[in-house]
Amino acid sequence: MIGRLNHVAIVVPDLEKGTAVYRQTLGAAVSAPQALPEHGVTVVFVELPNTKIELLEVLGENSPVAPFLERNPSGGIHHVCYEVEDIIAARDTLKAQGARVLGDGEPKTGAHGKPVLFLHPKDFMGTLVELEQV
Ligand code: CO
């Protein structure tokens with residue numbers, strides 16, 4: 018069902034510093050910051066030959082990544098995102114196997130303008146999983 022690894026998301030306490038680490042220290046191409054108020058994050062994309070890394074910084078009062086940053090003050094891996102061809106079919110297959118879909122279970126538009134869903138980390142070995150329809 019799942020296809021390519023679309024991205025790994027890392028929450029960072031300081032997006033400018035995180036960008037500098039990937040751009041200068043690791044020598045990667047990093048996009049300009051993009052504020053996504055409806056997701057409560059500001060994001061940059063690190064473009065790698067085979068996937069992307071997203072650096073997420075808290076934006077606004079009710080950011081969904083704020084509690085994670087409180088538990089991990091120096092930042093950390095927040096989720097992995099796998100590509101699926103049909104997000105509704107994937108969701109229904111997963112639900113039928115007992116996996117929990119976060120929120121109201123309906124896909125939202127993600128950072129790349131495509132439909133996304135999140136799956137409960139307790140059902141996936143402690144890892145928050147995002148599915149993105151490509
Ligand atoms: Co993501």
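Heads up, the sequence shown is in this note's numbering, so the first residue is 18 and it goes up one at a time. Note that the Cβ used here is the ideal one computed from N, Cα and C, for glycine as well.
Check, Outcome
"If contacts are defined as beta-carbon pairs under 8 angstroms, then VAL97 and LEU22 qualify, I think. What distance do you get, rounded to the angstrom?", "7 angstroms"
"Assuming PRO84 is part of the alpha helix (DSSP H), what are its boundary residues?", "83–88"
"Please report the straight-line C-alpha distance between ILE94 and GLU33, rounded to a whole angstrom.", "17 angstroms"
"State yes or no: is the C-beta of GLU33 nearer than 7 angstroms to some heavy atom of ligand 1?", "no"
"By alpha-carbon positions, which one of GLU149, PHE85, LEU76 ends up nearest to ILE27?", "PHE85"
"Are LEU148 and TYR99 closer than 8 angstroms when you measure CB to CB?", "yes"
"Going by the C-beta, is GLU147 closer than 7 angstroms to any heavy atom of ligand 1?", "yes"
"Check each candidate in LEU53, HIS56, GLY35 and name the one with the smallest Cα separation from ALA45.", "GLY35"
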